[in-house]
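The structure appears below as structure tokens.
There are 2 protein chains.
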Amino acid sequence: MSSVVEPGIVPVRPTPVAARRSVSMGDVARLAGVSAQTVSRVANGAANVDAATREKVLNAMRELGYRPNSAARSLKRGAFHSIGVIVFALSTYGSSRTLDGLAQAASAAGYSLTLMPVEGSNTPDNVNRAFAALAEQAVDGVIIEIEAHRMDEVEIVIPEWMPVVVIASRERSDRPAIDADQATGARLVMEHLFELGHTRIAHVAGPADAYSAIQRELGWHGALEARGLEPAQMVRGDWTPESGYEIGCRLAARPDELPTAIFAANDQMALGLMRALHEHGVDVPSRVSVAGFDDMPESANFWPPLTTIRQDFTGLGVRSVATLLDEMSRPHPRPGFEVVPVELVVRASTARALF
Amino acid sequence: MSSVVEPGIVPVRPTPVAARRSVSMGDVARLAGVSAQTVSRVANGAANVDAATREKVLNAMRELGYRPNSAARSLKRGAFHSIGVIVFALSTYGSSRTLDGLAQAASAAGYSLTLMPVEGSNTPDNVNRAFAALAEQAVDGVIIEIEAHRMDEVEIVIPEWMPVVVIASRERSDRPAIDADQATGARLVMEHLFELGHTRIAHVAGPADAYSAIQRELGWHGALEARGLEPAQMVRGDWTPESGYEIGCRLAARPDELPTAIFAANDQMALGLMRALHEHGVDVPSRVSVAGFDDMPESANFWPPLTTIRQDFTGLGVRSVATLLDEMSRPHPRPGFEVVPVELVVRASTARALF
DNA sequence: TCGAAAAATGTTTACGCAAACATTGCGTGA
DNA sequence: TCACGCAATGTTTGCGTAAACATTTTTCGA
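Those protein sequence lines, which keep their order, are chains Y and P. Going letter by letter, the first sequence gives residues -14 to 340 in our numbering. Going letter by letter, the second sequence gives residues -14 to 340 in our numbering.
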């Protein structure tokens, strides 16, 4: 059960600086010898302003170094032109790339991004706290990217008036969600391995509470099932290269049970896995093929270069922003699930199965 | 010469949504049977409110789902409780980790982060544009992180009233700057290699327009000079693993000129470099030692695990935010240069020189 | 040349909040 | 008992902007 977040009780510390008073429209108007409204019109590019007047006002603006006050503007217009982003951590490759995509897309649409990191772990409580903080911030909508397997309506309370788009987590029926096509990605990897003649294919999965981890795992399992093959080992890591390394050591410790191919749920774990295999004298790919998921910039230069799934993080960002803008334009949420295509990148870490 | 950015002429597109009118203090006050001012006092945690009254108001807030309007609050108080961040790209490991550190620190201090990506390349023009956009956004101060070698006063115009902290770029005398201790990092790597008996040490440098690239390069050169050693090859890459790979291929093509150790300016290039060496049958570290800079999460699982410099990105973020808050509290900028310590991490990619 | 329409510009007002000042009511000590 | 002080609460005001409406000036056809 999640605790109730008190509405707006947090005491805001007083501004330390003696607010350096800035230039207002009135100042510009006085200097230009016009009314404040005319200044406003010039500032907003209204058409019905005489060219000479506009020039006068622009000069006054320059002279005084006028900058529109976005707080006043937002107050008046009821919109902030800013998108809030709730992220769990930027430490993983995928999340920072996605954020980059979001930033580009938002900037192109004339919006800025307000970051709201989830503190500690991504428990519903902490996410709700981030939401509360963001609700009081100046945002017109929110994009949630917390890699959570479950985003249950009961646990994570989204204010109904707030336009929201969810990334990398589908389990909500009330809001639109977007994600890379995890299922297809996993299937592409498996089909590639099948074509190379592999039948004993293990899986190094991600944490059970990560949505994408579950999707990839299901993809692995489903592909085997569809061919009537017995699933080989399935071991769960935590996305880090270290967990991949440990799992690799454990697998290599029993050479007789070693599969001919391993599908790791991300590139980092694949990297650790390959190091473990190297250390144990298991050659990749001649003895064991390894495939990953993400296509980090490093993956092409792993040893050996890694076969993996390339995700279109920029596309994901663009689609998310577009969907959020659409959400903001309609009175009610339009739930749905949108998928961004992925691509198989074949490199040297996978090879034909020997036996 | 940099173009002048027009003040606030960009037409702001009208809000598409029929602004969902939200609950104001007046609404709460009416329901609770008190004045709006009392609601304000409760919302801001003022002490002089009767317990019973406070409870009444809190109940009314909950019932109506009241959220403070931050635009009005900012307008009234002249502060936004938000920090702007100008980043060039989040695609590199260091920049996204630093951003993560900034986000944590800002959040802890009660500030949110407003992201302003620099579009295209990080030319002074584009940076100025980002600044102009940010100046109109609702921020109390700005942290600049654009990895620029030069941040000349003439080219990048920082509004004098705006509190600013610069990361990873020192060449300004008018604002405080913070960076990881690049020079010491480079020295630590070199001393480590010297201890292993290396004297022919090449350097794979970063792009000439990156401040940290220059610092590391100077560190490499200076350490050699201090020992009276002849610098071996110096080749410039662009931070990417691919550039490291290409350089590695070029180096390996002339085995007779091959140095006994290579210091790469970041881990990614070191990775590409090592792949090239593997492919050309040059063993790391027995034939050539390789060291990097950054300590990415992957580096411990490269093959071989990479000796490198660990940067304290979180510390960098914390220090930057603290310095910015300090800047915000004083009427005039306090220029200075602060350095965050780094740490040498010795792994398997470096070994005693054979000859 | 006149008058109506259109264009340019000005005036009023309200957005939601909180500082500053004003008022009420209550308890305390002489 | 009353005057005083102080805590609790109310009223007024203005932050900078832009919508709505009002007024002035210009344009142009008959």
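The beta-carbon is built from N, C-alpha and C at its ideal position, and this holds for glycine as well. Quick caveat, the model's predicted, so the values are computed rather than measured.
>> Does the CB of Asn111 of chain P have a neighbour CB from chain Y at under 9 Å?
In response: Reading the second sequence from its first residue, position 126 is the one you call residue 111 of chain P. Closer than 9 Å: no.
>> Can you tell me which residues form a DSSP beta bridge with Val325 of chain Y?
In response: Stepping through the first sequence from its first residue, residue 325 of chain Y is reached at position 340. In the DSSP output, where bridge partners are listed per residue, Val325 of chain Y has Y:Ala165.
>> So the candidates are Y:Gln218, Y:Gly95, Y:Ala238; which of them puts its Cα closest to the Cα of Val306 of chain Y?
In response: The sequence position of residue 306 of chain Y within the first sequence is 321, counting from 1. Selected option, being the one with the closest Cα: Y:Gly95.
>> Check whether chain Y comes within 9 Å of Asp85 of chain P, counting only Cβ atoms and requiring the distance to be less than that.
In response: Within the second sequence, numbered from 1, the residue matching residue 85 of chain P stands at position 100. Answer yes: the Cβ-Cβ gap between Asp85 of chain P and chain Y drops below 9 Å somewhere.
>> For Pro102 of chain P, list the residues DSSP reports as bridge partners.
In response: For the purposes of this step, residue 102 of chain P is taken as the residue at position 117 of the second sequence. In DSSP, Pro102 of chain P forms a bridge with P:Val72.
> Can you name the residues of chain Y whose CB is closer than 9 Å to the CB of Leu100 of chain P?
Replying inline: Locating residue 100 of chain P in the second sequence gives position 115, counting from the first residue. In chain order: Val70, Leu84, Leu87, Ala88, Ala91, Ser92, Ser97, Leu98, Thr99, Leu100.
>> Please confirm whether Gly321 of chain Y has its beta-carbon closer than 9 Å to some beta-carbon of chain P.
In response: On the first sequence, position 336 is the one that residue 321 of chain Y refers to. Not closer than 9 Å to any Cβ of chain P, the Cβ of Gly321 of chain Y fails to qualify, so no.
> Can you find a C-beta in chain Y that's less than 9 Å from the C-beta of Gly257 of chain P?
Replying inline: Here residue 257 of chain P is taken as the residue at index 272 of the second sequence, counted from 1. Closer than 9 Å: yes.
>> Below 8 Å on C-beta distance, what does Pro226 of chain Y contact in chain P?
In response: The residue you call residue 226 of chain Y lines up with position 241 of the first sequence. What Pro226 of chain Y touches in chain P: Pro282, Glu283, Ala285, Asn286.
> Given that a residue counts as buried once 16 or more other Cβ atoms are within 10 Å of its Cβ, and exposed if not, what is Glu(-9) of chain Y?
Replying inline: Sequence index remark: in the first sequence, residue -9 of chain Y carries index 6 (1-based). Because Glu(-9) of chain Y sits at a pLDDT of 40, beneath the cut-off of 50, its placement in the model cannot be relied upon, and the point is left open.
>> I believe Leu75 of chain Y touches Leu84 of chain P by the beta-carbon criterion, under 8 Å. Please report the beta-carbon distance rounded to the nearest angstrom.
In response: Locating residue 75 of chain Y in the first sequence gives position 90, where the first residue counts as 1. Locating residue 84 of chain P in the second sequence gives position 99, where the first residue counts as 1. The beta-carbon distance between Leu75 of chain Y and Leu84 of chain P, rounded to whole angstroms, is 6 Å. This is short enough to meet the 8 Å contact definition.
>> When you compare the CB positions of Val142 of chain P and Asn113 of chain P, do they come within less than 9 Å of one another, or not?
In response: Locating residue 142 of chain P in the second sequence gives position 157, counting from the first residue. Locating residue 113 of chain P in the second sequence gives position 128, counting from the first residue. In this structure, Val142 of chain P lies near Asn113 of chain P, with their beta-carbon atoms less than 9 Å apart.
> Opposite Val34 of chain P in the DSSP bridges: which residues?
Replying inline: Residue 34 of chain P sits at position 49 when you count from the first residue of the second sequence. According to DSSP, Val34 of chain P bridges with nothing at all.
>> For Ala255 of chain Y and Ser197 of chain Y, I'd like the C-alpha separation in whole angstroms.
In response: In the first sequence, the residue the question calls residue 255 of chain Y occupies position 270. In the first sequence, the residue the question calls residue 197 of chain Y occupies position 212. If I take the Cα positions, the gap works out to 16 Å.
> At least one CB of chain Y closer than 9 Å to the CB of Ala276 of chain P: is that the case?
Replying inline: Within the second sequence, numbered from 1, the residue matching residue 276 of chain P stands at position 291. Look at Ala276 of chain P: its C-beta is not under 9 Å from any C-beta on chain Y.
> What are the boundary residues of the beta strand (DSSP E) that Ile247 of chain Y is part of?
Replying inline: Counting from one through the first sequence, the residue named residue 247 of chain Y turns up at place 262. That run of the beta strand (DSSP E) goes 246 to 249.
>> In this structure, how does DSSP classify Ala153 of chain P when only helix, strand and coil are distinguished?
In response: By 1-based counting over the second sequence, the position of residue 153 of chain P is 168. Under the three-state reduction of DSSP, Ala153 of chain P is assigned to coil, being neither helix nor strand.
>> Check for me: the alpha helix (DSSP H) holding Ile199 of chain P runs from which residue to which?
In response: As a first step, residue 199 of chain P must be located in the second sequence, where it is residue number 214. Here the alpha helix (DSSP H) through Ile199 of chain P covers 196 to 211.
> When you check each C-beta in the segment 245 to 274 of chain Y against every C-beta of chain P, which residues fall closer than 8 Å?
Replying inline: So the list reads Gln253, Leu256, Gly257, Met259, Arg260, His263, given in the order they occur along the chain.
> Which runs of the alpha helix (DSSP H) fall wholly inside the segment 279 to 315 of chain Y and span at least 4 residues, in chain order?
Replying inline: Unbroken alpha helix (DSSP H) runs of no fewer than 4 residues, entirely contained in the segment 279 to 315 of chain Y, are found at 298 to 314, following chain order.
> With 16 as the cutoff for other CB atoms within 10 Å, does Pro326 of chain P come out buried or exposed?
Replying inline: Here residue 326 of chain P corresponds to residue number 341 of the second sequence, with the count starting at 1. Per the 10 Å Cβ criterion, exposed.
> Given 8 Å as the limit, is there contact between the segment 326 to 340 of chain P and the segment 282 to 301 of chain P, that is, 3 or more CB pairs closer than that?
Replying inline: Short answer: they touch.
>> Please return the same chain residues whose Cβ sits closer than 6 Å to the Cβ of Asp125 of chain P, not counting the five positions on each side in sequence.
In response: Stepping through the second sequence from its first residue, residue 125 of chain P is reached at position 140. If the five residues before and after Asp125 of chain P are omitted, its C-beta is found closer than 6 Å to the C-beta atoms of Ala64, Phe65, Met313, all from its own chain and listed in chain order.
> Can you name the residues of chain P whose CB is closer than 9 Å to the CB of Phe179 of chain Y?
Replying inline: For the purposes of this step, residue 179 of chain Y is identified with residue 194 of the first sequence, where counting begins at 1. The contacting residues do not exist; Phe179 of chain Y stays about 28 Å from chain P at best.
>> Residues of chain Y with CB closer than 8 Å to the CB of Ala198 of chain P, please, in chain order.
In response: Residue 198 of chain P sits at position 213 when you count from the first residue of the second sequence. Per Cβ cutoff of 8 Å: no residues; Ala198 of chain P is ~17 Å from chain Y at best.
> If Leu310 of chain Y and Ile128 of chain Y are in contact, beta carbons under 8 Å, what's the gap, nearest whole angstrom?
Replying inline: Here residue 310 of chain Y is taken as the residue at index 325 of the first sequence, counted from 1. Here residue 128 of chain Y is taken as the residue at index 143 of the first sequence, counted from 1. Contact doesn't hold; Cβ gap of about 11 Å is too wide.
> Alpha carbon to alpha carbon, what distance is there between Leu262 of chain P and Ala133 of chain Y?
Replying inline: Walking along the first sequence from the start, residue 133 of chain Y turns up at place 148. Walking along the second sequence from the start, residue 262 of chain P turns up at place 277. The straight-line gap from Cα to Cα measures roughly 40 Å.
> Would the beta-carbon of Met175 of chain Y fall within 9 Å of that of Phe248 of chain Y?
Replying inline: The residue labelled residue 175 of chain Y in the question sits at position 190 within the first sequence. The residue labelled residue 248 of chain Y in the question sits at position 263 within the first sequence. Annotated as proximal: Met175 of chain Y and Phe248 of chain Y, with beta-carbon spacing under 9 Å.
> Roughly how many whole angstroms lie between the Cα atoms of Ala187 of chain P and Cys234 of chain P?
Replying inline: Counting from one through the second sequence, the residue named residue 187 of chain P turns up at place 202. Counting from one through the second sequence, the residue named residue 234 of chain P turns up at place 249. Straight-line Cα distance between these residues: approximately 14 Å.
> For Arg239 of chain Y, is the classification buried or exposed, using 16 other Cβ atoms within 10 angstroms of its Cβ as the cut-off for buried?
Replying inline: Here residue 239 of chain Y refers to the residue found at position 254 of the first sequence. By the C-beta density criterion, Arg239 of chain Y is exposed, having fewer than 16 other C-beta atoms within 10 angstroms.
> For chain Y, is any of its Cβ atoms less than 9 Å away from the one on Val(-3) of chain P?
Replying inline: Within the second sequence, numbered from 1, the residue matching residue -3 of chain P stands at position 12. Because the pLDDT of Val(-3) of chain P is 34, which lies under 50, any placement of that residue in the model is unreliable, and the question is left without a value.
> Under three-state DSSP, which class holds Arg172 of chain P?
Replying inline: Along the second sequence, read from residue 1 onward, the residue named residue 172 of chain P stands at position 187. Arg172 of chain P falls in the helix class under three-state DSSP.
>> Is it the case that the segment 206 to 226 of chain Y contacts the segment 271 to 289 of chain Y, given that we only count it when at least three CB pairs across the two stretches are under 8 Å?
In response: The answer is no - the segment 206 to 226 of chain Y does not touch the segment 271 to 289 of chain Y, with fewer than three Cβ pairs under 8 Å.
> With Pro316 of chain Y and Pro161 of chain Y assumed to form a contact (beta carbons below 8 Å), what rounded beta-carbon distance in angstroms separates them?
Replying inline: Within the first sequence, the letter at position 331 stands for residue 316 of chain Y. Within the first sequence, the letter at position 176 stands for residue 161 of chain Y. No, Pro316 of chain Y and Pro161 of chain Y are not in contact; Cβ-Cβ is about 15 Å, not under 8 Å.
>> Could you tell me the alpha carbon to alpha carbon distance between Arg82 of chain P and Asn44 of chain Y, rounded to whole angstroms?
In response: The residue you call residue 82 of chain P lines up with position 97 of the second sequence. The residue you call residue 44 of chain Y lines up with position 59 of the first sequence. Straight-line Cα distance between these residues: approximately 43 Å.
>> Strictly below 8 Å CB to CB, what residues from chain P border Ala74 of chain Y?
In response: By 1-based counting over the first sequence, the position of residue 74 of chain Y is 89. Within chain P, the C-beta atoms nearer than 8 Å to that of Ala74 of chain Y come from Asp85, in chain order.
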